[in-house]
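Asks:
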Amino acid sequence: MSIEERPAGAGPSGASANGAPPLIEVRNLVKHFPITRGIVFQKQIGAVKAVDDISFEVRRGETLGIVGETGCGKSTTAKLLVRLLDPTSGQIVFDGQDVGAANKDELKALHREMQMVFQDPYSSLNPRKTVGSIISEPFAIHGLLKESGERRKRVQELMDRVGLNPEHFNRYPHEFSGGQRQRIGVARAIALEPKLLVADEPVSALDVSIQAQVLNLLRGLQREMGLTLIFIAHDLSVVRHMCDRVAVMYLGKVVEVAPSDELYSFPRHPYTGALLSAVPVARPHGGRRRDRQLLTGDVPSPANPPRACRFHTRCPKAQEVCSQEEPLLELKSGHDLAACHFPLTEAEVRLRLPTGLSGTAASTNAHGTGQIADQSSSSSST
Amino acid sequence: MSVGISDFSLEEAEAETGAVELVSGEIAARSPWELFLRRFREDKFAIAGLAFLLVVILAAIFAPLVCSLVGAPGPYRADQNALDIFGQPTGPSSAHLFGVDQIGRDVFSRVIYGARVSLIVALVSCVLTSAIGVVCGLLAGYYRGWVDTVISRTVDAFLAIPYLLLAIGLASACSFGNGCVGGLIKPGIPVVVAVITFTSWTYPARIIRGQVLSLREKEFVDASRSLGASDFRIVFKELLPNLTAPIVVFATTFLPQAILYESALSFLGVGVQPPTASWGQMIADASNNINTQWWYMLFPGLALLFTVLAFNFVGDAMTDALNPRSKRA
Amino acid sequence: MFRYIVRRILWGIAMLFIVSAVIFLIFYILPSADPAVLRAGRNAGPQQIAAIRHVLGLDKPIYVQYLRYMRDVFLHFNFGYSYQYSVPVRQLIFNRLPATIWLVIGAVIIWLGIGISVGIISAVRRRSFVDRASMTTSLAFISAPVFWLGLVSLYLFAKDIGRFKIFDGQGSFAGASTVFEKAGAMLLPWLVLAAATAAIYARYMRASMIDTMGEDYIRTARAKGLPERTVILRHGLRSAITPIVTLIGLDVGTLLAGNAILTETVFNIPGVGRLLYQAISQSDLTTIQGITLFGAFFIVFFNLVVDIAYAYLDPRVRYS
Amino acid sequence: MRSRSRLFGVFLPGLLAVVSIGLAACGSSSNKSSSSGSSSSGGGSASSSAVSSEIAKFPPLVTAPASAKKGGDLTVLANGDVDYIDPGAAYYQPTYMIDLAVDSPLMGWPPNDTAAPQPLLAASAPTVTDGGKTITFKIKPNIHYSPPTGGGPGWSKPVVSADVKYAIERSLMPGVPNGYTTLYFADLVGLAQAQAAVKKTPTKAPNLTGITTPDSSTIVFHLSKPSSIGLIDALSLPVSAPVPAGYAAKYDAKTPTSTYGQHQLDVGPYYVQTYQAGKEIVLARNPNYTAGSDFRPAYLDKITVQEGFADENSAVRKILTGSGMINFDFDATGEALKLAAQQYPKQLTLTPGGGNRYIALNVTKPPFNNINTRKAVIAASDRLALLDTRGGLLSGGLATHFIPPGIPGYQQAGGAAGPSDLDYIQHPTGDMTLAESYMKKAGYSSGKCTGNCTVTMVSDNTPPGSNTAQVFKAQLTALGFNVQLHPVEHATMYTKFCSVVANEPNVCPNVGWVKDFNDGQAIIDVPFNGGTIAGSPTNNSNWPQLNDPAINSALESAKYITDPTQRAAEYGKIDDMIMAQAPAVPWDWDYETNVNSTNVIPVVNSFNSLDDLAFTSLK
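The listed protein sequences derive, respectively, from chains C, Y, F and U.
Note that this note's numbering has the first sequence beginning at 28, numbered continuously upward.
Note that this note's numbering has the second sequence beginning at 7, numbered continuously upward.
Note that this note's numbering has the third sequence beginning at 379, numbered continuously upward.
Note that this note's numbering has the fourth sequence beginning at 948, numbered continuously upward.
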């Protein structure tokens, strides 16, 4: 999608003025992981196309959700954004600076501005370090707050801010529950007061009961600090609660981008439709019976993705042209950009989506908590 | 030393990192150190071993004092009167507690002084081996790519060389004059240490590399990197502290191996050179006359056996204490 | 799997090159006896020494010597002539190999037999007196240097000098002609060489067995009402023994490669290890090099065997 | 040359080549008169004092008893291998044990005759003409070759004189590394040209124009100097055992080494049936040998040399308690000697080995370039303690000079007591007071070394050599020297250090020299003749690097003395001259300590002081 086509007025919070340049701009980003083979000399025989030519941008203060199934490239995208991975090609422009081309020093400076919250609160905290030293690590790395008293004070403030007992700064991560650990991770991420926070499935490893607390923490921080947030999830219901706009990825491609209300009420891409239709409903007996459109077959291998439209092998609406010609990401209705030759019609949407999701476009955060009930509590107990 | 260091397996080491979290999960209130101590203290053999080692270490440090206390003449004085008319040594007597050797030197004194060699060689080579192995393992595991290829292939090549052959070759190469590597490795103990290190660093390197390969996938590494941490910081401040358990386990298993290794080299005549007393070399000297001169073979051998055994007891207990999933009784 | 094997074989060959180059270099820089002078004899004139040096190729630069050597080895399976014995190195090694193979095979059988059965018993009777006693004893065997154990056992049990005249003593293998005589001469060396390794195997076997016996499928087997014996031997043993396979391969490889040198020295067995030691003390470079290559070959070969066996025994680690 | 592995340490077996270096027997004996050795046959007669009383308890047989009977197998236990199985290159005394039984050089040595070689392949004693420059041999007719070693087609033609010529010619090839031909055949006409030819074509035996074969039974040697006596002695060495060119040339053409040895043809009563290097040598009766064609009775049916008995003590014990066994390349020393002497005295023989051991002091470098310092070292040395490192007084006599008992000149040089005018050699256990007085004369006012007293010593790294070095190190330390001891392999000690003039350390404690023939020259010429140093910078046997003009010229003129008494007196005198220079500490006149099983009747051949396989029999 081009900047010109950017739907106006999509920014919900109004924190950033329209017309201001976006905080981060992704242009034709590509990440291929080579597959090699060879007896003595390794030669490249292919590539896993984890992220294959995606473009989007995020405005200041906005929350962008990125959703998709496991392996669709969303985590890779997150890592590319903060340059934990080097892009194969394409550009990531952060505040006017190309992240992909930044050298060591520039990168270090950039890392003060953009931070990441990780998926697994168990492995994202070094088990051999105290909470205090984990949260103060950013200061140590960037040589800030050199006096230990100062640093400790700041760490305790941060702990307090994320809802941890500041007294516990000398404890080790294993002495905390999963939710608390994720709070530690958040505290570390906001320590340097970054402009951008990339949250890579921050709650997927948590107990359902804890998820909402962490989400609310992030939401609160975003408001308070004017953070720009990129929120990655495989769970559409979580995203809706959090995000102003949502990008849907499939096999390394962005297939649909839309303001969340629009996306949830009227998804245009059949894949988005399928994802939405898979979301379980909180009160099934209260709602209308729907035709669940479940995806069949496996996700094709990203090493050898289908030609043209990547979804055509599983798409209920696929026709000849879908395997011949790649659909472009273009405005389909409202502010909804989708890459599809045959977008969903309103009738199809009504038939398939649960009422709880599609019924009122005005559903807001107030009851969001209740909706976060899904299958994602895969994490172990605390 | 037919089996060498294969006593320590990768699987066992890999169990360690898992173990770390399990320890913490179980009893959150106790620090790992307390936990370790508590477990260690339960092992009576280990306590006995530790006590014995303490005695050996003290005897080694105060060897001259020990010798003069029991009236032994020291390790270098050859007493012609202690040899019979065939030039053969005599056995234990009041003048020579453990008898004398082929040229009339007091075996007791030499056993006591031999402890110095064994301990110094074991400690220094253990530190060097672990250090080199850990650094190589860290680099290979962390950077992967060509660094890993170079290090791993070197390790492979080292493992394909019959290590005793390599050791004998190196020991002879460095045992003359100013030593080798431009005089850096001097004949005597430094050569033995160098040889042991040179042929052993691959073991910790392999273990650590394996550990790092899995550790580097942990998100805290990414987290640190996303904060702008340098590779150096990540490797030494983030990864290294997580490797304490495997390193300690390696070191405690390696210490007794190093003592045996030194004695084997000295036995083959390429280790510590006479007249410096070394247990292995004393056994070698004695080996031709075991029939009638049992004392010369027996005492250094027992010293060797008990010291290594004590190290093994302690090492076992430490491994267990660090690894609650250990399968030992 | 096939690609994997091919790759391992090719890498093994590359390794032989590297290893031989390293050994060549090390022994080249050794302050050791000059083979040409050794061959020429005490009263040889400088001319004669020079002629011999030329014929032996010792006047060539080291890399030429190395390449020539490698050419002969790989194209003609010719390991050169021993400076010391004036016979082909290949023949020397083949002459000595039987003794080493005798030693190693017997020891392997003993250490596997003892190690595995003690390991199983200990694992099954975990924390019993038997378990504790055998584990402590095994630690003692691991701690005893093999050469000392050999000497002590000779002192105690050898027919010629022993206090209890039970086993054949030093050097009896060389004179033994029948298989029974040879086995008799090898008994004590076998036991001594196997002692430490058996102890290590017992400990491994025990650990591995305890691991296995905790698996779900063992519980299932028990729940089915199978006799404990069947559970242990049929179900437990099979997967518990897999990690042991790795050890066997590596240990046999290194022993054949000359690591039995200590045992061969103590018991005076004319094997490859002793040949190697003599060659080193004689600066017999071609022999050293030949044995090294043979040794490296054994190690590489057994590593390969281990990897394949492992993939075969444990489908989980099968390579693609 | 007689050197057995006890010289080289009990721990390392098979130090063969070493031997040819270590104590190669190499003195040339070209001018020895045919009667010079007669005074010392057997070895006992020339000895005296306590030394002889020890040795006299264990006398060897030098002739087979009349009761000796034919038949039986003998096992010879060996530590290492022969140096070269090829008779053209063999240069190691135990190897001669085999060569004496299987080869027929032109001349040979019956066990009881140390005076002069007797005809063996030669039909009779040679004719010397042209003032000693031309020597003509007739060889025995109808001598046939044995089957080849290792089997295969042999050579059916009888031995002809050209075979002897070829045998000597091939010994110049680098593939047949012979250590002595260039020394003993130095005066042969055409030697230099032959050497030049072989340098060009190393795979072909050169033509030696100095050897002619007018007919198939006649061989003539042409010399440029009248040194016929030396040449005839040399023709008793295995190099003159016949080798048919038509058979051997294809093996000799192999590089880098001739493989003829493994396919050799023998003409003695035995032949090398199989040879497995480092493992086993089997000698069987030669089916083509005519009994009685020479002086060898050949009682035994089969002789097996079993190698690899690394532990000499256990090997000696095995021999003493077993049956049908003797020792090959090791001595009974230390514990084994004690066992044999105390419990099996009838199975032990002691024979003077005709060799000495000394500790060489490098006279070209400080501090031992000062003669008084050297005298102090000798005075301080406890030679009995040194001897104890090898097994005490049963292992050898306490040396006081260089010519050992059994060699003419021994008595003249002072006998067991040594040169009476040299006080520093009179104290077997050392005399520190005397030593300090010499140190004072050398300029060390305290009687101990002060200032830069670092001395380097390169020794064996295995006992007993390493023990000797350690004991001597302690003695030097007592004089104030700071000794840096570098133990290395025996062979390395010689070829990289002690025999390399430029590398030579201050002290070489493990050197010595063994006779080839019973002649004073054979003992003291090569190791103390300063004239030889320059010509062999990397192969020097004058370890102290003593280069005294008076000694050099005395050695030169002594070679030409033909009267045995005069010759012995002259070498005795030179020995004293050398001792007066104090270039080394002599401490051991080595004995050969041979052991046998009870049912073996060993006969020792004085030529190499070892059991003669062709005369030894079983009870």
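Just so it is clear, CB atoms sit at the ideal spot from N, CA and C, and this is done for glycine as well.
1. Determine the direct distance from the alpha carbon of T670/F to that of G175/Y, and round the result to whole angstroms.
2. When DSSP labels each residue in this structure, what does A226/C get in the three-state scheme?
3. Applying the criterion that 16 or more other CB atoms from any shown protein chain within 10 Å of the CB defines a buried residue, is W152/Y buried or exposed?
4. Hey, G651/F and T514/F: beta-carbon distance below 8 Å or not?
5. Is there a Cβ of chain Y sitting closer than 8 Å to that of R1117/U, yes or no?
6. Going by alpha carbons, who is nearest to G1098/U out of Y1131/U, N1489/U and L1230/U?
7. Where does V276/Y land, buried or exposed, given buried means 16+ other C-beta within 10 angstroms?
8. Grab me the residues of T1010/U's own chain with a C-beta within less than 8 Å of its C-beta, minus the 5 sequence neighbours each way, in chain order.
9. Is A971/U helix, strand or coil when you go by DSSP?
10. Would you call the region 245-261 of chain Y in contact with the region 129-148 of chain Y, where contact means no fewer than 3 C-beta pairs closer than 8 Å?
11. Tell me which residue opens and which closes the beta strand (DSSP E) that R86/C is part of.
12. So which of M393/F, F679/F, I471/F and S586/F has the shortest CA-CA distance to A657/F?
13. Could you check where the alpha helix (DSSP H) with W480/F kicks off and where it finishes?
14. If distances are taken between C-alpha atoms only, which option among V198/Y, G80/Y and L219/Y comes closest to T135/Y?
15. Kindly indicate which three-state DSSP category G321/Y falls into: helix, strand or coil?
16. For R505/F, does the count of other Cβ atoms within 10 angstroms reach 16, so buried, or fall short, so exposed?
17. Measure the Cβ-Cβ separation of L137/C and C270/C and say whether it is below 8 Å.
18. Determine the burial state of S206/Y: buried for a count of at least 16 other Cβ atoms within 10 Å of its Cβ, exposed for fewer.
19. Which runs of the alpha helix (DSSP H) at least 4 residues long sit entirely within the region 1266-1350 of chain U? Give them in chain order.
20. Going along the region 424-441 of chain F in order, which residues come within less than 9 Å of chain U, judged by CB to CB distance?
21. Assuming V467/F and G636/F make a contact with CB atoms under 8 Å, what is their CB distance in whole Å?
22. Can we say the region 188-208 of chain C touches the region 76-91 of chain C, given the rule of at least three CB pairs closer than 8 Å?
23. Taking the CB atoms as reference points, tell me whether I1032/U and Y1222/U lie closer together than 8 Å.
24. Buried or exposed, going by whether 16 or more other CB atoms sit within 10 Å of the CB of H454/F?
25. Counting only C-beta atoms, is P247/Y closer than 8 Å to chain C at any point?
26. What span of residues does the alpha helix (DSSP H) with P1007/U cover, start to end?
27. If you follow the beta strand (DSSP E) that H1433/U is part of, which residue opens it and which one closes it?
28. Does chain F have any CB closer than 8 Å to the CB of G1361/U?
29. Using a cut-off of 8 Å between C-beta atoms, extract the partners of Q1417/U located in chain Y.
30. Given a cut-off of 8 Å, decide if A316/Y and G351/Y are closer than it, judged by their beta-carbon atoms.
31. Can you tell me whether I396/F is helix, strand or coil according to DSSP?
32. To the nearest angstrom, how far is the alpha carbon of R215/C from that of V182/C?
33. So which residues on chain C does D228/Y lean against when the C-beta distance must stay under 8 Å?
34. Given a limit of 7 Å on CB to CB distance, which residues of the region 287-310 of chain Y reach chain F?
35. Would you say the region 616-634 of chain F touches the region 436-452 of chain F, given that touching needs at least three Cβ pairs under 8 Å?
36. Taking C-beta to C-beta, are L1119/U and Q1142/U nearer than 8 Å?
Replies: According to the structure shown:
1. 11 Å
2. strand
3. exposed
4. no
5. no
6. L1230/U
7. buried
8. P1058, N1059, V1550 and F1562
9. Reliability of the predicted coordinates at A971/U is poor, the pLDDT of 33 falling under 50, and the value obtained from them is presented with this limitation in mind. It is coil, neither helix nor strand.
10. yes
11. From DSSP, R86/C is part of no beta strand (DSSP E); its letter is neither H nor E.
12. I471/F
13. V467 to V502
14. Among V198/Y, G80/Y and L219/Y, the Cα nearest to that of T135/Y is on V198/Y.
15. helix
16. exposed
17. In this structure, C270/C does not lie closer than 8 Å to L137/C by Cβ.
18. buried
19. 1281-1290, 1318-1327 and 1330-1335
20. P424, Q425, Q426, I427, A428, A429, I430, R431, H432, V433, L434 and G435
21. At roughly 14 Å, the Cβ-Cβ gap does not stay under 8 Å, so V467/F and G636/F are not in contact.
22. no
23. yes
24. Its Cβ having fewer than 16 others within 10 Å, H454/F is exposed.
25. With 8 Å as the cut-off, P247/Y counts as an interface residue toward chain C.
26. Taken as a continuous stretch (DSSP letters only), P1007/U belongs to no alpha helix (DSSP H), as it is neither H nor E.
27. N1429 to V1435
28. No, its Cβ sits nowhere closer than 8 Å to a Cβ of chain F.
29. A84, I109, P280 and P281
30. This structure cannot speak to residue 351/Y, because chain Y is shown only from 7 to 335.
31. helix
32. 9 Å
33. K106, L111, M143, F145 and S151
34. I289, S293, I296, N297, W300, M303, G307 and L310
35. no
36. It is a contact, given that the beta carbons lie within the stated cut-off.
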